[in-house]
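See structure below.
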Amino acid sequence: MFEIGKKGTPEAGTRPESSPARTESSPPRSSSAPTGRDAAVIGPSIHIDGDVRGEEDLLIEGEVGGTVQLKNNSLTIGPNGKVRADVYAHSIYVDGYVEGDLFGAERVHIRKSAQVKGNVTSPRVSVEDGAKFKGAIEMDPQAAQGGNRPSAPRNAAPQQAPAKPVMQSQPPKPEQPAVAKTGAAS
Amino acid sequence: MFHSLIQRLQTGGRWVVLDLGTVHSATIRELGKFRCRLEFVELADGLDSLNGEIDPRRIRQTADALLPPRRTEQTDIVLCWDLINYLNQPALTAVMECIALRCKRGALAHGLVYYSAKSMPQRPSTFIPVDDHHIIQHLNPGIERPAPRYSPEDLARCMPRYSVERGRLLRNGMQEFLFKL
Numbered sequence: 048m049f050e051i052g053k054k055g056t057p058e059a060g061t062r063p064e065s066s067p068a069r070t071e072s073s074p075p076r077s078s079s080a081p082t083g084r085d086a087a088v089i090g091p092s093i094h095i096d097g098d099v100r101g102e103e104d105l106l107i108e109g110e111v112g113g114t115v116q117l118k119n120n121s122l123t124i125g126p127n128g129k130v131r132a133d134v135y136a137h138s139i140y141v142d143g144y145v146e147g148d149l150f151g152a153e154r155v156h157i158r159k160s161a162q163v164k165g166n167v168t169s170p171r172v173s174v175e176d177g178a179k180f181k182g183a184i185e186m187d188p189q190a191a192q193g194g195n196r197p198s199a200p201r202n203a204a205p206q207q208a209p210a211k212p213v214m215q216s217q218p219p220k221p222e223q224p225a226v227a228k229t230g231a232a233s
Numbered sequence: 167m168f169h170s171l172i173q174r175l176q177t178g179g180r181w182v183v184l185d186l187g188t189v190h191s192a193t194i195r196e197l198g199k200f201r202c203r204l205e206f207v208e209l210a211d212g213l214d215s216l217n218g219e220i221d222p223r224r225i226r227q228t229a230d231a232l233l234p235p236r237r238t239e240q241t242d243i244v245l246c247w248d249l250i251n252y253l254n255q256p257a258l259t260a261v262m263e264c265i266a267l268r269c270k271r272g273a274l275a276h277g278l279v280y281y282s283a284k285s286m287p288q289r290p291s292t293f294i295p296v297d298d299h300h301i302i303q304h305l306n307p308g309i310e311r312p313a314p315r316y317s318p319e320d321l322a323r324c325m326p327r328y329s330v331e332r333g334r335l336l337r338n339g340m341q342e343f344l345f346k347l
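Here it is in structure tokens:
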């Protein structure tokens, strides 16, 4: 079991002083992804098998298997990161490889360099064009809140689904070569 | 016909949509307006293994592995886009049979078949829903290959569980189908 952010940090480059304990009533943080400067980092040479828990933002550039739980914080899986785990976090940003289910209490953002095999449950899900994704996106806030998800482990991120999901997306890539419109009004 | 699928979603309730194509932000944006679970397969990644197999049982196993696991909550809508054209007949039979086992009775499958067009892009195209509930085809560049030009009879033979709910020939030589289970 790795308790990141409680008993020091796993690797140089982290700033424990920037991560005071947060409570459920803490105001929402910025929606932008954490950077290496203000987040704990699991570096490219680190390989973790087990449960990762923490109370500060985390950037994974190494390999993690098991579960990742950041109750009130953001997780970024960097371009070199490989995660084979179910992930529970306030916000999840994926640039690298994930094999597992993603539960984002606030949002999940899958960037174009990402490869994701697994299901995504969050009130806000965005997938950039070019990302490789195989799995399901749960867009039904009622299902996201309860019924259709596996039971979360203790300390998992709480589901804070709003009344209506917000789906964000990136515009189509401009370099698309040819366009033909089909499916005229029927 | 894509428009009619959206109209079906607009009737309310929860829906399960299976998209055989590549994930696209526009699809998520369009379907994100409704209460639904959207499953993506990227069937294009498995075309070689599906078409390269001879043994029908092995084709079926491959198709089953490519598709999402069967769940108690069954699929309502299947978006096949143009992938039908890229499956040979045994593979098409296996894939559509495996999909049928995941679908509700009355589920709809939308597909586009190169019919009067003699050739098609080497790889499946990307189809992008646009605001008026229509779809735009982004053709992949490069050389083309002969289209199988499946006839309605071919499709009926390969997809015996499906009936054609609606079908029409488009100006680009494709035939658009709405199949019903």
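As they're listed, the protein sequences go chains A and B.
According to my numbering, the stretch in the first sequence is residues 48 to 233, in order.
According to my numbering, the stretch in the second sequence is residues 167 to 347, in order.
Cβ atoms here follow ideal geometry from the backbone N, Cα and C, with glycine treated the same way.
Values in this document were obtained by computation on a predicted structure and should not be read as measured data.
For residue i, count neighbouring C-beta atoms within 10 Å of its own C-beta (all shown protein chains included) and say buried if the count is 16 or more, exposed if not.
| i | result |
| --- | --- |
| R154 of chain A | buried |
| G97 of chain A | exposed |
| Y140 of chain A | buried |
| Q303 of chain B | buried |
| I309 of chain B | exposed |
| E319 of chain B | exposed |
| S73 of chain A | Note that S73 of chain A scores a pLDDT of 36, beneath 50, so its modelled location is shaky and nothing firm can be said. |
| H156 of chain A | buried |
| R100 of chain A | buried |
| P312 of chain B | exposed |
| G179 of chain B | exposed |
| G272 of chain B | exposed |
So what does DSSP say about residue i, is it helix, strand or coil?
| i | result |
| --- | --- |
| T193 of chain B | helix |
| P318 of chain B | helix |
| V213 of chain A | The pLDDT assigned to V213 of chain A is 45, lower than 50, so where the model puts this residue is not dependable, and the model offers no usable value. |
| L216 of chain B | helix |
| S138 of chain A | strand |
| A183 of chain A | strand |
| F345 of chain B | strand |
| A86 of chain A | coil |
| T70 of chain A | At T70 of chain A the pLDDT is 29, less than 50, meaning the model places this residue with poor confidence; the figure from the coordinates comes in the next sentence. Three-state DSSP puts T70 of chain A in coil, outside helix and strand. |
| L171 of chain B | helix |
| I225 of chain B | helix |
| Q189 of chain A | helix |
| R100 of chain A | strand |
| D185 of chain B | strand |
| R323 of chain B | helix |
| A210 of chain B | helix |
| R332 of chain B | strand |
| K164 of chain A | strand |
| D148 of chain A | coil |
| I93 of chain A | coil |
| T123 of chain A | strand |
Measure the CB-CB distance between residue i and residue j and report whether it falls below 8 angstroms.
| i | j | result |
| --- | --- | --- |
| L216 of chain B | V261 of chain B | yes |
| R268 of chain B | T241 of chain B | yes |
| S291 of chain B | D221 of chain B | no |
| E175 of chain A | R158 of chain A | yes |
| N166 of chain A | A152 of chain A | no |
| Q341 of chain B | L335 of chain B | yes |
| L106 of chain A | G125 of chain A | yes |
| V244 of chain B | I265 of chain B | yes |
| T123 of chain A | A178 of chain A | no |
| L344 of chain B | M167 of chain B | yes |
Rounded to the nearest angstrom, how far is the Cβ of residue i from that of residue j, given a contact under 8 angstroms?
| i | j | result |
| --- | --- | --- |
| L400 of chain B | L171 of chain B | Here chain B has residues from 167 to 347 only, and residue 400 of chain B is not among them. |
| H169 of chain B | H300 of chain B | 6 angstroms |
| S160 of chain A | D142 of chain A | 5 angstroms |
| G113 of chain A | A132 of chain A | 5 angstroms |
| K118 of chain A | E146 of chain A | Not a contact, Cβ separation roughly 22 angstroms. |
| F150 of chain A | V130 of chain A | The pair is not a contact, with the Cβ atoms about 13 angstroms apart (cut-off 8 angstroms). |
| M286 of chain B | N251 of chain B | 6 angstroms |
Scan the stretch 228-308 of chain B and note each continuous alpha helix (DSSP H) run of 4 residues or more that stays entirely inside, going in chain order. Listed in chain order, they are 255-266.
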